[in-house]
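Residues 0 to 48 in numbering that gives the first Met the number 0 are what the sequence shown lists, from first letter to last.
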Amino acid sequence: MKIIKADDKKFKSFFRKLRQRGGTFSPELLSAVARIIKEVAAKGDIALF
Numbered sequence: 000m001k002i003i004k005a006d007d008k009k010f011k012s013f014f015r016k017l018r019q020r021g022g023t024f025s026p027e028l029l030s031a032v033a034r035i036i037k038e039v040a041a042k043g044d045i046a047l048f
């Protein structure tokens, strides 16, 4: 784990690179999560198995 304080000189550069990584919340991932939540809401925990 890397800890960088907001007032650190390297913070802006580090945070910019972190945000540019992308892929964290792809449309495919969000769609899959929405489907899982919908199934669990309808069927309960059994939908997970």
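Idealized CB from N, CA, C, for every residue including glycine. Every value quoted in this text rests on a predicted model; they were computed, and no experiment measured them.
Secondary structure at ALA31: helix, using DSSP grouped into helix, strand and coil. Between the alpha carbons of GLY43 and SER12 lies a distance of about 44 Å. For a cut-off of 8 Å, the C-beta gap from LYS9 to ILE2 is around 12 Å, too long to register as a contact.
The beta carbon of VAL39 is closer than 8 Å to those of ALA46 and LEU47 in its chain, skipping five residues each way along the sequence.
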